[in-house]
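K.L.:
Chains as they are written, first to last, in numbering that gives the first Met the number 0: chain A, 0 to 203; chain B, 0 to 203; chain C, 0 to 203; chain D, 0 to 203.
Glycine residues also receive a C-beta, built at the ideal position from the N, C-alpha and C atoms.
All of these numbers come straight from a predicted model, not from anything done at the bench.
There are 4 protein chains.
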Amino acid sequence: MPRLTAAAKTEVRERLLAAAAEEFAAAGFDAARIDTIAARAGVAKGSVYNYFSTKEDLFAAVIAEGARAAAENFHRLPTGGTTRETLEALAAADVEVVRAQEAFQKVVVREAMSFRPTTYPLVVEHLAPYISAVTGVIESGVASGEVRSDQPSAQLALAFVGILGLLYVQHWGSGGTWPTLDEIPRLAVTLFYDGAGPRDGSSS
Amino acid sequence: MPRLTAAAKTEVRERLLAAAAEEFAAAGFDAARIDTIAARAGVAKGSVYNYFSTKEDLFAAVIAEGARAAAENFHRLPTGGTTRETLEALAAADVEVVRAQEAFQKVVVREAMSFRPTTYPLVVEHLAPYISAVTGVIESGVASGEVRSDQPSAQLALAFVGILGLLYVQHWGSGGTWPTLDEIPRLAVTLFYDGAGPRDGSSS
Amino acid sequence: MPRLTAAAKTEVRERLLAAAAEEFAAAGFDAARIDTIAARAGVAKGSVYNYFSTKEDLFAAVIAEGARAAAENFHRLPTGGTTRETLEALAAADVEVVRAQEAFQKVVVREAMSFRPTTYPLVVEHLAPYISAVTGVIESGVASGEVRSDQPSAQLALAFVGILGLLYVQHWGSGGTWPTLDEIPRLAVTLFYDGAGPRDGSSS
Amino acid sequence: MPRLTAAAKTEVRERLLAAAAEEFAAAGFDAARIDTIAARAGVAKGSVYNYFSTKEDLFAAVIAEGARAAAENFHRLPTGGTTRETLEALAAADVEVVRAQEAFQKVVVREAMSFRPTTYPLVVEHLAPYISAVTGVIESGVASGEVRSDQPSAQLALAFVGILGLLYVQHWGSGGTWPTLDEIPRLAVTLFYDGAGPRDGSSS
DNA sequence: AATGAATGAGTCTTCATTCAT
DNA sequence: GATGAATGAAGACTCATTCAT
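1) 8 Å is my cut-off, CB to CB: does A:P184 come that close to chain B?
2) Assuming B:A7 is part of the alpha helix (DSSP H), what are its boundary residues?
3) If we call anything under 8 Å between Cβ atoms a contact, is C:K44 one with C:D34?
4) What is the DSSP secondary structure of C:F58, reduced to helix, strand or coil?
5) Counting only C-beta atoms, is D:Q104 closer than 8 Å to chain C at any point?
6) If A:D193 sits next to B:G194, beta carbons under 8 Å apart, how far is it from one beta carbon to the other, in whole angstroms?
7) Specify the secondary structure class of B:G79 as computed by DSSP and reduced to three states.
8) Using the Cα positions of B:I36 and B:A18, report the straight-line distance between them to the nearest angstrom.
9) Could you check where the alpha helix (DSSP H) with C:N49 kicks off and where it finishes?
10) Tell me whether B:P116 is buried or exposed, calling it buried when 16 or more other Cβ atoms sit within 10 Å of its Cβ.
11) Just to make sure I have the definition right: I need the residues of chain A whose C-beta is within less than 7 Å of the C-beta of B:Y119. Which are they?
12) Check the C-beta distance from D:A187 over to D:Y129 and give it rounded, since I have them as a contact under 8 Å.
13) How would you list, in chain order, the residues of chain C whose beta-carbon sits under 9 Å from the beta-carbon of D:L163?
14) Name, please, each residue of chain A whose Cβ falls closer than 7 Å to the Cβ of B:V168.
15) Straight-line CA distance for C:V97 to C:V106?
16) Closer than 6 Å by C-beta to D:E138: which residues in its own chain qualify, once you throw out the five before and the five after it? Chain order, please.
17) So, are the CB atoms of C:V136 and C:T85 less than 8 Å apart?
18) Find out if the Cβ-Cβ distance for the pair C:L16, C:E64 is shorter than 8 Å.
19) Please look up how many angstroms separate the CB atoms of A:D29 and B:A30, rounded, as I've assumed it's under 8 Å.
20) For A:E110 and A:Y119, I'd like the C-alpha separation in whole angstroms.
21) Quick check on the burial criterion: 16 or more other C-beta atoms within 10 angstroms. Buried or exposed for C:T81?
22) Report, in whole angstroms, the separation of the C-beta atoms of B:I183 and B:V94, which I expect to be a contact under 8 Å.
23) Which of the three DSSP states, helix, strand or coil, is assigned to D:V123?
24) I'd like to know whether the C-beta of C:F23 is nearer than 8 Å to at least one C-beta of chain D.
25) Rounded C-beta distance between C:A132 and C:F73? I'm assuming under 8 Å.
26) Using 8 Å as the limit for Cβ to Cβ distance, is B:F191 near chain A?
27) Are the beta-carbon atoms belonging to C:V122 and C:I62 less than 8 Å from one another?
28) Going along the chain, which residues of the stretch 55-81 of chain B sit with their C-beta nearer than 7 Å to a C-beta in chain A?
29) Quick one: which chain A residues come within Cβ less than 7 Å of B:A132?
30) Quick one: which residues of the stretch 137-152 of chain C get their C-beta closer than 7 Å to a C-beta of chain D? List them in chain order.
31) Using CA atoms only, rank isn't needed, just tell me which of A:Y50, A:A102, A:D149 and A:R39 is closest to A:A68.
32) Distance, Cα to Cα, A:A66 vs A:V47?
33) In whole angstroms, what separates the C-alpha of C:S201 from that of C:A25?
34) Using a Cβ-Cβ cut-off of 7 Å (strictly less than) and excluding sequence neighbours within five positions of D:A156, which residues of its own chain qualify?
35) When burial is assigned at 16 or more other CB atoms within 10 Å of the CB, is A:T4 buried or exposed?
36) How about A:R12 and A:E87: do their beta carbons lie closer than 8 Å?
Written out as structure tokens, the structure reads:
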């Protein structure tokens, strides 16, 4: 009989991941300290190495968990609305993930934006399902004439995800001032879909 | 009698800045090594400290130089075109700066996207003139009816600069595959100005 | 389960203090090397920092330990003799401390004599109980007419402690030649109590 | 013809010595910085090495100058008074030297009290003439019955010089509070000559 | 499995000394 | 002789990782 039940192990692992996400989000990979993470998770420093073989490994696990949670949304896509509505719903769902797991998402977004040779491939790999889900939505939009067809769908999908990330960056960078998390879905869709050109009367 | 002329000192300082930009761009602040920077600049490690009192100080100088070069464009704004043309010209000029000083701009963009408490204020401070110049262009566009008036100009300006940054991130993150630097000005304007909604025949 | 028992930790800490005292006594604060101290204590350099957060902190601990041992004597003051006998007994007890902890006492005496802004306050603070104990003895002497009353007791106490220190300085400075440790208590009392004026027959 | 007259060279040398004395007095040998000394003397750092080959050499020159000025007094000994008066006059003359050259004397006194292998021999060597002059005075006192004869004169001389030093230490250590420089000669003689034993009516 | 002390390679930074001008 | 930039050896301190208990 194990000294710890599987459930207990999982629970410690999750506490470690959460603590690590906080620390990596606040300090970045290099400045993050294992001591802090262990303390925040309420375990001894050495115990961290019973769960993750390396600081880098722990970091990767944080990214993976963040990306996993984000990607999960796209398995229960809302259907039946316009492309615009679908995209806004997606963004809204993503915002909920950010709300629930702010630290994880900060880490993912920062790494996605920082193209560091060590960590970039990780993020790309983990975000791939996410991106391809968005690509699917865009393609449907193109098919139905709701999305312009003169740009590759894959690139438009990247742009949408990028804009969403950008809004998070501005949210965090401004200390939550602007935009607020609530405003993000609508803003993302407006920016992505309508652009800044003059309105003929329609839209937000 | 000074051992070095003022010009020679400036030259060393510039070599150091360039070397530091390379290193910071490649490794990030924490992982960057003063040894590497000194070696790349062709001076002894100790000499770095004759020019910059601290690693952090050197980093700040790199940001300042990058932002300075970027902001310089906006003093010679093209005039007389449409807002769209002006924005594209601005983006094109910025791309030239990136081409000329790729490492510096990588550092600036990365820090702008990474909201680290230590460095974020620096970037914000140095990018302020840049942002407010773009805001001016947008405001003219609003006045002439070329830009939608239902969003604050300052926020639209942030969005434009953000999209530009995003495209750089994708450029660097993709290893230069897509978008290429050449494509960036047009893409930035298209995304920002037109959005992804369906075309009625015009554009791109 | 701790890797070391509390007793083992204390033991390492004491080895470090002893090694540090040796090194500080021999080289002075600035010239002392943490490497040397660690090596002498038989631990790795990094381990020093598990016990003391800073070289300065370690130094302060050495002073504190030295002063603590010195002050301890004064809690078991000999009573019932003349002031002269009491002072000589005190000095003799102090000499025993010096014998037992020569390096610690060297550090304390040197710092007490060197009025360096950084360390002087430390010494003053730690020697305070010591000085005030001596002051008490002197006051009794004044009350009983054994000590002159035309000088403040506090200042006489300082003088006594100073003379004791002076004799240590001459002991160490002369390589132990003169005075020897054994001679110090008698000498201290003679100098302090009788002075160099002519004898009318009495004393030493 | 030299680019600098001998007088000008001497003048720079003296400024350097004075600046060095200040710095060594304030910081101690190790913490003293050549930069600071050069700046305080109003010359470039490199110029220091035109006058002194080494930091240690400069330090030795400061000690030598301090000891030289102190020893000078003893060449014009007051004569014809009692031993007690002579000693007080000597102490008074020494206090004048300290007043005129406080930094130099601080350095000498501190090193005399700190028995550091590197510097102690220097001080001993330079103070030798000083000590032997005092020894001469004491010997005369012994001969005339004014000084006790049961202690070697050389040791009494050391004690007198030591007490003087001790009073300086207390003066500097107390921030000039007690004793003041003016009080020192009388105090030195009282302590040295009379001791703390009870008065029969005489003295201070 | 958990613990936390020990480890030591790795870093920034300082500063006496040199030397080209 | 004066200058001050360049040098690089040296040192305090950090921290991921290991491992005895």
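P.N.:
In this structure, then:
1) Taking the first sequence and counting its residues from 1, one reaches residue 184 of chain A at position 185. A:P184 does not count as touching chain B.
2) Here residue 7 of chain B refers to the residue found at position 8 of the second sequence. Per DSSP, B:A7 belongs to the alpha helix (DSSP H) from A5 to A26.
3) Within the third sequence, the letter at position 45 stands for residue 44 of chain C. Within the third sequence, the letter at position 35 stands for residue 34 of chain C. Contact flag set, yes.
4) The residue labelled residue 58 of chain C in the question sits at position 59 within the third sequence. In this structure, C:F58 counts as helix in the three-state DSSP scheme.
5) Taking the first residue of the fourth sequence as position 1, residue 104 of chain D is located at position 105. So, not an interface residue.
6) For the purposes of this step, residue 193 of chain A is taken as the residue at position 194 of the first sequence. For the purposes of this step, residue 194 of chain B is taken as the residue at position 195 of the second sequence. That belief holds up - the Cβ atoms of A:D193 and B:G194 are roughly 5 Å apart, short of 8 Å.
7) In the second sequence, the residue the question calls residue 79 of chain B occupies position 80. Reduced to three states, the DSSP call for B:G79 is coil.
8) Taking the first residue of the second sequence as 1, we reach residue 36 of chain B at position 37. Taking the first residue of the second sequence as 1, we reach residue 18 of chain B at position 19. If you take the alpha carbons of B:I36 and B:A18, they lie about 5 Å apart.
9) Numbered from 1 along the third sequence, position 50 holds the residue referred to as residue 49 of chain C. Looking at the DSSP string, the run of the alpha helix (DSSP H) that includes C:N49 is K44 to Y50.
10) Here residue 116 of chain B corresponds to residue number 117 of the second sequence, with the count starting at 1. Under this definition B:P116 is an exposed residue.
11) Looking up residue 119 of chain B in the second sequence gives position 120. Per Cβ cutoff of 7 Å: G172.
12) In the fourth sequence, the residue the question calls residue 187 of chain D occupies position 188. In the fourth sequence, the residue the question calls residue 129 of chain D occupies position 130. Incorrect: roughly 14 Å between the Cβ atoms, too far for contact.
13) Counting from 1 along the fourth sequence, the entry for residue 163 of chain D is found at position 164. Residues of chain C passing the Cβ test: none, with the nearest at roughly 10 Å.
14) Against the second sequence, residue 168 of chain B aligns to sequence position 169. Near B:V168 (Cβ distances below 7 Å), the residues of chain A are M112 and F114.
15) Within the third sequence, the letter at position 98 stands for residue 97 of chain C. Within the third sequence, the letter at position 107 stands for residue 106 of chain C. Whole-angstrom Cα-Cα distance: 11 Å.
16) If you number the fourth sequence from 1, residue 138 of chain D lands on position 139. Cβ within range, chain order: S152.
17) Within the third sequence, the letter at position 137 stands for residue 136 of chain C. Within the third sequence, the letter at position 86 stands for residue 85 of chain C. In this structure, C:T85 lies closer than 8 Å to C:V136 by Cβ.
18) To locate residue 16 of chain C, count along the third sequence from 1; it is residue 17. To locate residue 64 of chain C, count along the third sequence from 1; it is residue 65. Closer than 8 Å, so yes.
19) For the purposes of this step, residue 29 of chain A is taken as residue 30 along the first sequence, with counting starting at 1. For the purposes of this step, residue 30 of chain B is taken as residue 31 along the second sequence, with counting starting at 1. About 6 Å; that satisfies the 8 Å criterion.
20) Here residue 110 of chain A corresponds to residue number 111 of the first sequence, with the count starting at 1. Here residue 119 of chain A corresponds to residue number 120 of the first sequence, with the count starting at 1. Cα to Cα, the separation comes out at about 6 Å.
21) Locating residue 81 of chain C in the third sequence gives position 82, counting from the first residue. It counts as exposed.
22) Counting from one through the second sequence, the residue named residue 183 of chain B turns up at place 184. Counting from one through the second sequence, the residue named residue 94 of chain B turns up at place 95. Contact flag correct, Cβ pair sits at about 5 Å.
23) Counted from its first residue, the fourth sequence places residue 123 of chain D at position 124. Residue state, collapsed to three classes: helix.
24) Start at 1 with the first residue of the third sequence, and residue 23 of chain C comes out as number 24. C:F23 does not count as touching chain D.
25) On the third sequence, position 133 is the one that residue 132 of chain C refers to. On the third sequence, position 74 is the one that residue 73 of chain C refers to. About 3 Å separates the two Cβ atoms, so the contact holds.
26) Position 192 of the second sequence holds residue 191 of chain B. B:F191 counts as touching chain A.
27) For this step, residue 122 of chain C is matched to residue 123 along the third sequence. For this step, residue 62 of chain C is matched to residue 63 along the third sequence. Yes; because the gap between Cβ atoms is below 8 Å, this pair is in contact.
28) none
29) Numbered from 1 along the second sequence, position 133 holds the residue referred to as residue 132 of chain B. None at all; the shortest Cβ gap to chain A is about 16 Å.
30) G144, E145, V146, R147 and D149
31) Residue numbering aside, residue 68 of chain A sits at position 69 when the first sequence is read from its first letter. For A:A68, the nearest C-alpha among the options comes from A:A102.
32) Taking the first residue of the first sequence as position 1, residue 66 of chain A is located at position 67. Taking the first residue of the first sequence as position 1, residue 47 of chain A is located at position 48. Whole-angstrom Cα-Cα distance: 22 Å.
33) By one-based count along the third sequence, residue 201 of chain C stands at place 202. By one-based count along the third sequence, residue 25 of chain C stands at place 26. Low confidence applies to C:S201: its pLDDT is 42, below 50, so where it sits in the model is not reliable, and the reading given next is rough at best. Straight-line Cα distance between these residues: approximately 41 Å.
34) Position 157 of the fourth sequence, counted from the start, is the residue given in the question as residue 156 of chain D. Once the five neighbours on either side are set aside, the close Cβ partners of D:A156 are I130, V133, T134 and I137.
35) In the first sequence, counting from the first residue as 1, residue 4 of chain A sits at position 5. Exposed is the call here.
36) The residue you call residue 12 of chain A lines up with position 13 of the first sequence. The residue you call residue 87 of chain A lines up with position 88 of the first sequence. Not closer than 8 Å, so no.
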